[in-house]
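S.K.: This is the structure I have questions about; it appears just below.
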Amino acid sequence: MIKRILGTETEFGIAARNAEALDPVSTSLLLINQYPYLPSPRALWDYEHENPLLDARGFEVEGERERPGPEYNRLLNKVLGNGGRLYVDGAHPEYSTPECTNPLDVVMYERAGDRVLRECCEQAGRMKEPSRLVLYRNNTDGKGNSYGYHENYLVDRTVPFEVLMKNLIPFFVTRQILAGSGKVGAENRMPAVPYQISQRADFFETLVDLNTMVKRPIINTRDEPHSDPAKYRRLHVIVGDANMAEISTYLKVGTLAIVLTMIEEKAALPDIELEDPVRSIKDVSGDIDLKSMIRLSDGRKYTAVEIQRLYLEAAHRFAEGSETEKWTRDLLAKWESVLSRLEQDPMQLSRELDWVIKLKMIRSYMEKKNCGWDDPRLAMMDLQYHDLRPDKGLYFAMERDQYVDRLTTDSDIERAEQNPPTDTRAYFRGTCLKKFPKEVYAASWSSILFDVGNTTIKKVPLMEPLRGTQILTRSLLESARTVEEVLGRLSM
Amino acid sequence: MSKQEHKSDRKKDSTKKEEESGSSAKGQEKGKKIKEDLDKLMDKIDDVLEENAEEFVKNYVQKGGE
Numbered sequence: 072m073i074k075r076i077l078g079t080e081t082e083f084g085i086a087a088r089n090a091e092a093l094d095p096v097s098t099s100l101l102l103i104n105q106y107p108y109l110p111s112p113r114a115l116w117d118y119e120h121e122n123p124l125l126d127a128r129g130f131e132v133e134g135e136r137e138r139p140g141p142e143y144n145r146l147l148n149k150v151l152g153n154g155g156r157l158y159v160d161g162a163h164p165e166y167s168t169p170e171c172t173n174p175l176d177v178v179m180y181e182r183a184g185d186r187v188l189r190e191c192c193e194q195a196g197r198m199k200e201p202s203r204l205v206l207y208r209n210n211t212d213g214k215g216n217s218y219g220y221h222e223n224y225l226v227d228r229t230v231p232f233e234v235l236m237k238n239l240i241p242f243f244v245t246r247q248i249l250a251g252s253g254k255v256g257a258e259n260r261m262p263a264v265p266y267q268i269s270q271r272a273d274f275f276e277t278l279v280d281l282n283t284m285v286k287r288p289i290i291n292t293r294d295e296p297h298s299d300p301a302k303y304r305r306l307h308v309i310v311g312d313a314n315m316a317e318i319s320t321y322l323k324v325g326t327l328a329i330v331l332t333m334i335e336e337k338a339a340l341p342d343i344e345l346e347d348p349v350r351s352i353k354d355v356s357g358d359i360d361l362k363s364m365i366r367l368s369d370g371r372k373y374t375a376v377e378i379q380r381l382y383l384e385a386a387h388r389f390a391e392g393s394e395t396e397k398w399t400r401d402l403l404a405k406w407e408s409v410l411s412r413l414e415q416d417p418m419q420l421s422r423e424l425d426w427v428i429k430l431k432m433i434r435s436y437m438e439k440k441n442c443g444w445d446d447p448r449l450a451m452m453d454l455q456y457h458d459l460r461p462d463k464g465l466y467f468a469m470e471r472d473q474y475v476d477r478l479t480t481d482s483d484i485e486r487a488e489q490n491p492p493t494d495t496r497a498y499f500r501g502t503c504l505k506k507f508p509k510e511v512y513a514a515s516w517s518s519i520l521f522d523v524g525n526t527t528i529k530k531v532p533l534m535e536p537l538r539g540t541q542i543l544t545r546s547l548l549e550s551a552r553t554v555e556e557v558l559g560r561l562s563m
Numbered sequence: 002m003s004k005q006e007h008k009s010d011r012k013k014d015s016t017k018k019e020e021e022s023g024s025s026a027k028g029q030e031k032g033k034k035i036k037e038d039l040d041k042l043m044d045k046i047d048d049v050l051e052e053n054a055e056e057f058v059k060n061y062v063q064k065g066g067e
């Protein structure tokens, strides 16, 4: 069993409330450049190993690889003290968590990212000519434009991609019942619906592809491992929603991590092939009572909850007989409890899962105001549920008044803003940025480059995500007084 | 279930379905408490919700993601 490395990327929706607003790219650049707590503000992003054009099916597509010059590089990229990355991708501010080893850390580091972006907004509001910017942790503008939330899972390279695909398609089509963020209405030419489970389902038009921006696929084939390509692949999952609710994120990431371990270990998984996954992902999203049936190729029919339960039962059987990560037991118990209640009455999850929290909030409002689904205030509530401002964001208002359940504390999140996970290479990256702020020339997921003077740049490769941990590098980093000493002891 | 039925499921307006369960006295009491709490929250939402909701939502357009 390989130790799973997990991490996510969140693109934020951005709105400027000034009349004289800039274009979205300039606004996003302005925003991320306000972040006040960078340990090494001059550090560049090292693009050397980046190639999003490689396809897991074994070919490379044509296209221009990104290689900005140093000044623009610095404007676009901020390497964070927690080992994560703040940057501008397309026309959105984006945050990547550092590499984590468990779903709870992913929850914590995602929320640390919200803090980072919130700081940026607050700083922008204090500028001489203040920019009043609002950020949304959601995935759509409700008018057919979607922006991504991408998950990343390190996977053993020996697992054939077709095996991953076969086992993951029914799982992805149904996972939204745990981790959909909820949406008022439909878009992208889909049939009208008052409310649906997922923000993103309307946008999935094909089964497998390298694309992330048009004709989005349920299975994305980007093959850019950011690690030793002979040992690992990085499964790049674009089919999920960004969540506000901690339990939705925890289940979204944790259930998939377990399924991946089962695939790697050749454990028995449900033998299911959906007749029409692209259609089913939308049908599941539109079925808030969770009663409609999904057709399999062999004619069998299951509900989304039943399909999830098949995966859960397989995971229980696997966990009984195998060595698993220590968080597995807790994850399986939560998965079980949530599925049982979804089966009885989804509204029981109105403290735990985003799509139910939001639905309950909207229904309560409709009842109180005696209004219908066409009331524009409901679309506003949908959007504002994801608003990052503590005073305006409806999720955060509900959290503050204890209407939702949590897994973390505010102090956990505060700590995660500046401190990397200790059990991955993010520890080495984050610690070097803080200890040698002037000497770090550039960093990336798989490298860190030091300027050792006399125009010499030395590169420390970090191709193994499980090295560079606190256990392996703490004494080196604490005892070394200079970068030369670190490099010497790493015999660079 | 036929494809046609699938479609109508998706369109079905489920606003009528109410979620508060609990036939026992304790359940009703709990339900009442939740409702009072939610009422308070709803009042708060009105204070927090952006003004000119329709205009605000209309102007929120995002291009160039992922």
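Chains as they are written, first to last, in the working numbering: chain S, 72 to 563; chain X, 2 to 67.
Cβ atoms here follow ideal geometry from the backbone N, Cα and C, with glycine treated the same way.
From what residue to what residue does the alpha helix (DSSP H) around S/R304 run?
M.R.: Unbroken run through S/R304 is the beta strand (DSSP E), Y303 to V308; no alpha helix (DSSP H).
S.K.: Buried or exposed: S/K509, going by 16 or more other Cβ atoms within 10 Å of its Cβ?
M.R.: Flag for S/K509 reads exposed.
S.K.: Closest by CA to S/T527, which one among S/W516, S/V511, S/T540 and S/I542?
M.R.: Ranking the options by Cα distance to S/T527, first place goes to S/V511.
S.K.: Hey, which unbroken runs of the beta strand (DSSP E) at 3 residues or more fall wholly within the stretch 469-522 of chain S?
M.R.: Listed in chain order, the complete beta strand (DSSP E) runs (minimum 3 residues) inside the stretch 469-522 of chain S are 511-515 and 518-522.
S.K.: Verify the CB distance criterion: does X/S24 have a CB-CB separation below 8 Å to chain S?
M.R.: Note on X/S24: pLDDT 49, under 50, position unreliable in the model; the coordinate value appears next. Taking Cβ atoms only, chain S never reaches closer than 8 Å to X/S24, which makes this a no.
S.K.: Between the stretch 278-297 of chain S and chain X, which residues of the former have CB atoms less than 7 Å from a CB of the latter, in chain order?
M.R.: The stretch 278-297 of chain S vs chain X, Cβ under 7 Å: T283 and M284.
S.K.: What are the boundary residues of the alpha helix (DSSP H) that includes S/S319?
M.R.: Start and end: E317 to E335.
S.K.: From the beta carbon of X/Q29, is the nearest beta carbon of chain S less than 8 Å away?
M.R.: It does not; no Cβ of chain S falls within 8 Å.
S.K.: Against chain B, which members of the stretch 37-61 of chain X pass a CB distance test of less than 7 Å?
M.R.: Reference to chain B is not applicable here, since the protein chains of this structure are S and X.
S.K.: Strictly by DSSP, which residues pair up with S/L147?
M.R.: Answer by DSSP bridge pairing: none, since S/L147 is not bridged.
S.K.: Against chain S, with Cβ distances strictly below 8 Å, would X/K34 count as a contact?
M.R.: Closer than 8 Å: no.
S.K.: Taking just the CA atoms, how far does S/K506 sit from S/S546?
M.R.: Using only the alpha carbons, I get a separation of about 13 Å.
S.K.: Nearest to S/Q379 by CA position, among S/K362, S/E233, S/W406 and S/S202, is which residue?
M.R.: That would be S/W406, whose Cα lies nearest to the Cα of S/Q379.
S.K.: At which residues does the beta strand (DSSP E) containing S/G167 begin and terminate?
M.R.: Here residue 167 of chain S turns out to be Ser, not Gly, going by the sequence shown. Where S/S167 is concerned, the enclosing beta strand (DSSP E) stretches over H163 to S167.
S.K.: Ordered along the chain, which non-local residues of its own chain (more than five positions away) have a Cβ less than 6 Å from that of S/E556?
M.R.: Cβ neighbours of S/E556 beyond the five flanking positions: none.
S.K.: Do S/S252 and S/N291 count as a contact pair if the criterion is CB distance below 8 Å?
M.R.: The answer is no: Cβ separation not under 8 Å.
S.K.: For S/C442, does the three-state DSSP call read helix, strand or coil?
M.R.: It is coil, neither helix nor strand.
S.K.: Give me the DSSP bridge partner(s) of S/P288.
M.R.: BP columns for S/P288 point to S/T277.
S.K.: Is it buried or exposed for S/H387, if we count other Cβ within 10 angstroms and need 16 for buried?
M.R.: Exposed.
S.K.: Does S/L225 pass the burial test, meaning 16 or more other C-beta atoms within 10 Å, or should it be called exposed?
M.R.: Flag for S/L225 reads buried.
S.K.: Residues of chain X with a CB under 8 Å from the CB of S/P95: which are they?
M.R.: Correct list: Q63, K64 and G65.
S.K.: What number of angstroms, rounded off, separates the C-alpha of S/R564 from the C-alpha of S/L77?
M.R.: Here chain S has residues from 72 to 563 only, and residue 564 of chain S is not among them.
S.K.: Tell me, please, whether the CB atom of S/N216 is closer than 8 Å to any CB atom in chain X?
M.R.: Cβ-Cβ to chain X under 8 Å: yes for S/N216.
S.K.: At a cut of 8 Å, does the stretch 334-343 of chain S reach the stretch 193-212 of chain S through at least three beta carbon pairs?
M.R.: Output reads no: the stretch 193-212 of chain S does not touch the stretch 334-343 of chain S.
S.K.: Applying a beta-carbon distance threshold of less than 7 Å, which residues of chain X neighbour S/G447?
M.R.: Per the sequence presented here, residue 447 of chain S reads as Pro, with Gly not at that position. Result: A54, E55 and V58.
S.K.: By DSSP's criteria, S/V205 is part of a beta bridge. Which residues make up the other side?
M.R.: Note: S/V205 sits in a beta bridge opposite S/A86.
S.K.: Spatial neighbours of S/L558 within its chain, please: C-beta separation below 8 Å, excluding the five flanking residues on both sides.
M.R.: Closer than 8 Å at Cβ, skipping near neighbours: F521, V523, K529 and V531.
S.K.: I'd like to confirm the pairing. Which residues does DSSP put opposite S/Y220 in its beta bridges?
M.R.: Per DSSP, S/T81.
S.K.: Considering only residues of the same chain and omitting the five flanking positions on each side of S/A513, which have a CB-CB separation below 7 Å?
M.R.: Around S/A513: A114, L115, W116, D117 and L520.
S.K.: Could you spell out where the beta strand (DSSP E) holding S/P532 opens and where it closes?
M.R.: Its beta strand (DSSP E) spans residues I528 to P532.
S.K.: Check the Cβ of S/D42 against every Cβ in chain X and list those closer than 7 Å, keeping chain order.
M.R.: This structure does not reach residue 42 of chain S, given that chain S is present from 72 up to 563, and the question cannot be answered.
S.K.: For a quick check, are the C-beta atoms of S/G501 and S/P169 less than 8 Å apart?
M.R.: Against a cut-off of 8 Å, the Cβ pair of S/P169 and S/G501 comes out as a contact.
S.K.: Identify the residues that DSSP records as bridge partners of S/T211: which are they?
M.R.: BP columns for S/T211 point to S/S217.
S.K.: What did DSSP end up calling S/K362 once you bin it into helix, strand or coil?
M.R.: Three-state DSSP puts S/K362 in coil, outside helix and strand.
S.K.: Could you compute how far the alpha carbon of S/K372 sits from the alpha carbon of S/P241?
M.R.: For S/K372 and S/P241, the distance between alpha carbons rounds to 12 Å.
S.K.: So, using beta-carbon positions, are S/I309 and S/G219 closer together than 8 Å?
M.R.: Yes, Cβ-Cβ distance for S/I309 and S/G219 is below 8 Å.
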